[in-house]
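For the sequence shown, our numbering gives the first residue as -12, with consecutive numbering after it. Ideal placement from N, C-alpha and C gives every residue a C-beta, glycine not left out.
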Amino acid sequence: MKKIVLIALLLIFSNTVLAANTTIDTKAKNIAAKTNNLKPSLIKLAIEAFYNAKRLGVNTSKQILTVIDYSLPSTQKRLWVLDLNQEKILYSSMVAHGRNSGENHTTNFSNRIGSLQTSLGLFLTEGTYFGRDGYSLYLKGLEKGINDNAKTRTIVLHGAPYVSNQFVAAAGRVGRSWGCPAVEKPLAEPIINTIKNGTMIFSFYPDQKWLSESKFINRQA
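Pasting the structure below:
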């Protein structure tokens, strides 16, 4: 009898996982169909990380997820704010990387204080403030050894005049930050107001060490 119950429970679990994965696949494809640069495989990975984080106790205020694809050049829009419930793209923007992370392409990443490099991984947004770069958003790194120095490094999301088509026309790339994900200045305020206070940011690059070790990626979504 115990064996039958165990088999039944395993079947229920397997079917639940299959249904969840099917839902994530569908959601990823529906969102990807609304943009050119954002791959369905990356959306799926980001959504899986989002739900795994929630399962691990990360509190999120709403079904909003920001995805940054640092495998794309800085001259392309590579930040997207997604509404997972509505399967919509709310905003897309070019985004700067750290000055020691590369030129137009991002190749180096670090969690080290003083590195002036971009960090990968999952972040949780916190409150806002007005600082040197204007209206800015505090970020909390959720991955130990990957981005958990974000607050100590003052890695925040803010707007910057050097993230613009005009700067690209002159320099062949957007300007670079000290590690912050700086977005197009006109989009900074609406993006920050949409994602502040408890939403997640998934900062991606195909770094095999991070992909193989992240507790948010290597779990069954």
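Check                                                                                                                                                                                           : Outcome
Following the continuous beta strand (DSSP E) through residue 116, name the residue where it begins and the one where it ends.                                                                  : 108 to 118
Identify, in the order they occur along the chain, each residue of the same chain with its Cβ nearer than 8 Å to the Cβ of residue 22, setting aside the five sequence neighbours on each side. : 67, 76 and 79
With C-beta atoms as the reference, is residue 18 less than 7 Å away from residue 31?                                                                                                           : no
For residue 169, which residues does DSSP report across the bridge?                                                                                                                             : 145
Under a Cβ-count criterion, where at least 16 other Cβ atoms within 10 Å of its own Cβ denotes burial, should residue -5 be classed as buried or exposed?                                       : In this predicted model, residue -5 has a pLDDT of only 41, less than 50, meaning its place in the structure is not dependable; the value taken from the coordinates is given anyway. The residue is exposed, with fewer than 16 neighbouring Cβ atoms inside 10 Å.
Measuring straight from C-alpha to C-alpha, what distance separates residue 28 and residue 16?                                                                                                  : 9 Å
Going residue by residue through the stretch 70 to 102, where are the continuous beta strand (DSSP E) segments of at least 3 residues, counting only ones entirely within it?                   : 75 to 80
Mapping DSSP to helix, strand and coil, what is residue 13?                                                                                                                                     : helix
Hey, quick one: how far does the beta strand (DSSP E) through residue 25 stretch, first residue to last?                                                                                        : Unbroken run through residue 25: none, as it is neither H nor E.
If you drop the 5 nearest sequence neighbours on each side, which residues of the same chain put their C-beta closer than 7 Å to that of residue 49?                                            : 186
Alpha carbon to alpha carbon, what distance is there between residue 123 and residue 162?                                                                                                       : 17 Å
Evaluate the contact criterion for the stretch 165 to 175 versus the stretch 37 to 49: three or more CB pairs, one atom per stretch, below 8 Å.                                                 : no
Among residues of its own chain, excluding the 5 on either side of residue 135, which ones have a beta-carbon nearer than 6 Å to its beta-carbon?                                               : 128
Is residue 188 near residue 117, with beta carbons less than 7 Å apart?                                                                                                                         : no
Would residue 183 pass as a contact of residue 115 if the rule is Cβ separation under 7 Å?                                                                                                      : yes
Take the Cβ of residue 180 as the centre, count every other Cβ of all protein chains shown within 10 Å, and call the residue buried at 16 or more, exposed below.                               : exposed
Can you list, in chain order, the residues of its chain with a C-beta nearer than 7 Å to that of residue 87? Leave out the 5 residues immediately preceding and following it.                   : 95, 102, 103 and 104
Going by beta carbon distance, what residues of the same chain come within less than 7 Å of residue 193, once the five residues before and after it are set aside?                              : 58
Can you check which of these residues, 82, 38, 42 and 41, is closest to residue 56 by C-alpha distance?                                                                                         : 82
For residue 156 and residue 166, what's the separation of their Cα atoms in angstroms?                                                                                                          : 22 Å
Could you tell me the boundaries of the beta strand (DSSP E) in which residue 190 lies?                                                                                                         : 187 to 191
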